[in-house]
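Residue numbers (numbering that gives the first Met the number 0), protein chains in the order written: chain A, 0 to 459; chain B, 0 to 288.
The beta-carbon is built from N, C-alpha and C at its ideal position, and this holds for glycine as well.
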Amino acid sequence: MKDIREDIAWAKINQDVLKSLENPRKLYWVILFVAIAMVGVAVGCEIYQYNTGMGVSNKNNSHVWGLYIATFIFWIGMSHSGTLLSAILHLMHADWRKPIYRFAEAMTTFSLMTAGLFVAVHLGRVWQIYYALPYPNERGLWPNFQSPLLWDAMAIFTYLSSSILFLYVGMIPDLAICRDRMHGGWRKKLYTLLSLGWEGTDRQWRNFRVTYLTIACFLIPLAVSVHSIVASDFAMSQQPGWHVTSFPPYFVAGALYSGCAAIITLFIILRYVFRFEEYMTLPILKKIVRLTFAISMVWTYLNAVEFASVWYSHDQASKDVLIQKAVGTYAPFWWAMIICGSIVPLTLAFKRFQTNIPVLFAVSLLLNLGMWLERWMIVAPTFSHGIYPWTWDHDQWPSVVQWGMVFGSFGWFTLLFMLFCKIFPSVSMYEVKEMVYHRSQATKKLEATGKMATAGKGAH
Amino acid sequence: MSVSNLLENWSQFRHTHPVDDKPHDPYKWAMSIDLDACVGCNACSVACYAENNLPVVGKEKYAHGMAMHWMRIEHYWDEKLGEEGGSEFPDQGAQFLPMMCQQCEAAPCETVCPVGATNHTADGLNSQIYNRCVGSRYCQANCPFKVRYFNWYDYPTTDNVWPAEMNQQLNPDVTVRGKGVMEKCTFCVQRLNAAKVTAKSEGRIVHEGEVQTACQQACPTSAISFGNLIDPESRVHKQWRAQQVELDKDKQSKDEKEGGTNLRGYRILEDMRPYPSVMYLERVRESAI
């Protein structure tokens, strides 16, 4: 089956996508309100924690890190979706990414914004978070450049600003279309401002192409390095279960995994809500599903590598931590992670399920659940059964405050994403036109050589 | 705020290996604890509470693992208590380990603090700077001994931490920490500084015996020795030398000898290479085996 029909008119593409920017239906407001309520829960929890102290999170002197760090890593992981789809697949000339990369990039930006919040709420003294920045001060102090947490701060800042730039620059031609179609009001003013006077001349298109490619090339090593640096928070420490050299690639694989699963979820939602069936087609869904399956197998392999390297090491403490993960306090969650992360994705190998929307929706949510559990299972067991025996045999569970903030973060992400979908086109109109054009060229060529147009791959 | 500050002074506060680049002079504070003399009375722990304004967090928070005892007595038993066929008191084989910040020369906590709130002093202490700490808790996450304590609540403003009139026994030489700050044993740095000031005004260095840490002072069996490791007259120096334990080795030569030795001195988790400044002398019954 073809990724997209070759006979969709340009005007129809504009019309279909711009329709998504119309005044929203009632359900939109209901969901938006729910998202805001969720954010309210998180804000309430943070105010309580800010005033009373980090103790309300139920952490203690062995378990000094908890869900804030785990969820922070989860959200950074989710952010790799956009980079993978937008930047990496762009370099690989994979046309099938064209209808879906816009919302994936938006997902990246908002995931990073959510992750940044967790860095803040995790600190005992949030009000002094600026100490981590190299600001001019009379004591001549710099932050500690040896610390992986500081590398995190620098990497995330860079990645966030680059992602926003990438998202924005990629949208300029589309914003110009919006500007030309809107009939006044705040929207027209906004699009006029943001489209920077785009006229679609040859020269502008040429410059645009080069800029987009440059930012894409810049962003790819950033994505890899950001999550490797986040992995360094653990890998550069001395703790058993953390001090593993395979952590940076393991985390990056987990991030791509999270991101792809989230793309499937949002793909299904947007396709249904905005009736984008012509653009977010089932063949494209199939491709992203297969990609997710491939990444899930890579993640499974790297997981196995971690276990194997512990097994053949002489580090008794690491071996004990691994055994504790499987049979100790957190065992149910660890096994749930294994099932969600390695077994559930096997359904994606079957053609029958690769375009089955309800199954894919459920599977993608389970995959992300597995990935969230993975992050938690990296943080918690090392504290429960670390090097020092005096700290053992002490169960610790996160409090309502921690769960409230994790819960609220999903509301925050949803809020940002829903606002985005109603203000900016969530399908890239100009790239879809390119895709349709390539398709029509490929079809003409095949017809010209007398062959029937067979199942085409993203023709170029 | 200059780049030269970064390039020139940075090495002053960072050690990757003791002694190599910047030998301690004229002080290197170290400790040695005789586990044979220790009876687990907890006087050292209480003295530390009194000297350093440690908040008493209460039964509930203690049970939850939020205790603030910079000096803690760890109980270990030779057998699992309460099991069928186990021994009766006092044959269960209790061992006591007084554990405090080991003031590691290559401290794992120092490198990971994002804001540089923990560093190494010229006289060999691991310093914790309360007003720089933003509470990321990475230092405690990386500490192999887990001897750092986080202020999970604002204890100075919490009821029953220092009930009325107990706040009058607070030590004015030591700050009272608010919420969100990490703290740990400082080898009673306020006492060390006071002694150094006195000595400097007399144009000399601090002599052996002139300064005692609170735990050392309170110990009824004199199990704790503290002093300047560089001073050949100090008890600590003599003990380390007698036990053939060297500060800058991750594996002592005496441990490589065939058949072992009767020497009781060891450092905890030495092979992880933090180069701790505390030497423990194991109980005689252990070393006799």
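Taking 8 Å as the cut-off, the beta carbon of P142/A is found closer than this to the beta carbon of A131/A. Taking 8 Å as the cut-off, the Cβ atoms of D153/B and K178/B count as close.
Within chain B, no C-beta atom comes less than 8 Å from the C-beta of H384/A; the nearest is roughly 12 Å away. Under the three-state reduction of DSSP output, G264/B falls in the strand class. Taking a contact as a CB-CB distance under 8 Å, the pair P107/B and C142/B counts as one, their CB atoms being some 6 Å apart. At a cut-off of 8 Å between beta carbons, A131/A contacts chain B. In the structure shown, S276/B falls within a coil segment according to DSSP collapsed to helix, strand and coil.
Judged by DSSP secondary structure, W334/A falls within the alpha helix (DSSP H) whose first and last residues are 330-337. Its Cα nearest to that of V205/B, the residue E232/B stands out among M181/B, E232/B, N52/B, C214/B. Per DSSP, the unbroken beta strand (DSSP E) holding M30/B starts and ends at 28-33. Judged by DSSP secondary structure, R101/A falls within the alpha helix (DSSP H) whose first and last residues are 100-121. Against chain A, the beta carbon of P107/B has neighbours under 8 Å at S236, Q237, listed in chain order. For P172/A, the closest of V120/A, K443/A, Y429/A by C-alpha to C-alpha distance is Y429/A. Listed in chain order, the non-local C-beta contacts of L66/A below 6 Å within the same chain comprise P397, Q401, V405, local neighbours out to five positions each way being set aside. The secondary-structure analysis by DSSP pairs M37/A with nothing; it has no beta-bridge partner. Secondary structure note for E73/B: its beta strand (DSSP E) is the uninterrupted segment 71-76. The DSSP assignment places 246-272 as complete runs of the alpha helix (DSSP H) inside the segment 216-295 of chain A, in order along the chain (cut-off: 4 residues).
Relative to the Cα of D394/A, the nearest Cα in the group G64/B, N150/B, E87/B belongs to G64/B. Looking at H62/A, F360/A, E104/A, the one whose alpha-carbon comes closest to that of Y271/A is F360/A. The criterion of a C-beta distance shorter than 8 Å is not satisfied by P248/A and Q323/A.
A contact is defined here as three or more CB-CB pairs under 8 Å, and the segment 91-103 of chain A fails this definition with respect to the segment 61-76 of chain A. Look at N4/B here: in three-state DSSP terms it is helix. By the rule that beta-carbons nearer than 8 Å mark a contact, R202/A does not touch chain B.
The beta carbons of S295/A and A215/A sit no closer together than 8 Å. A residue is called buried when at least 16 other Cβ atoms come within 10 angstroms of its Cβ; N367/A meets this threshold and is buried. Against chain A, a Cβ distance below 8 Å from E73/B picks out W389.
Closest in alpha carbon position to W239/B, among Q189/B, L280/B, K183/B, is L280/B. Within the segment 184-243 of chain B, complete beta strand (DSSP E) segments of at least 3 residues are found at 223-227, given in chain order.
Using a Cβ-Cβ cut-off of 9 Å, S146/A is close to T110, V111, C112, P113, V114, G115, S135, Y137 of chain B, given in chain order. Counting only Cβ-Cβ distances below 8 Å, G123/A has contacts in chain B at C132, V133, G134, S135, R136, F149, N150, K178, G179, V180, M181, in chain order. Taking the Cβ atoms as the reference, K421/A lies roughly 14 Å from L174/A, outside the contact range of under 8 Å. Taking the CA atoms as reference points, L17/A sits about 53 Å from Q139/B. Contact annotation: L365/A and L255/A have beta-carbon atoms that are not nearer than 8 Å. For the C-beta of M53/A, the chain B residues within less than 9 Å are, from N- to C-terminus, G134, R136, F149, N150, W151, Y152, K178, G179. Excluding sequence positions up to five before and after K285/A, its CB lies within less than 7 Å of the CB of Q353, T354, all in the same chain and listed in chain order.
Close partners of N141/B in chain A (Cβ separation under 8 Å): S236, Q237, Q238.
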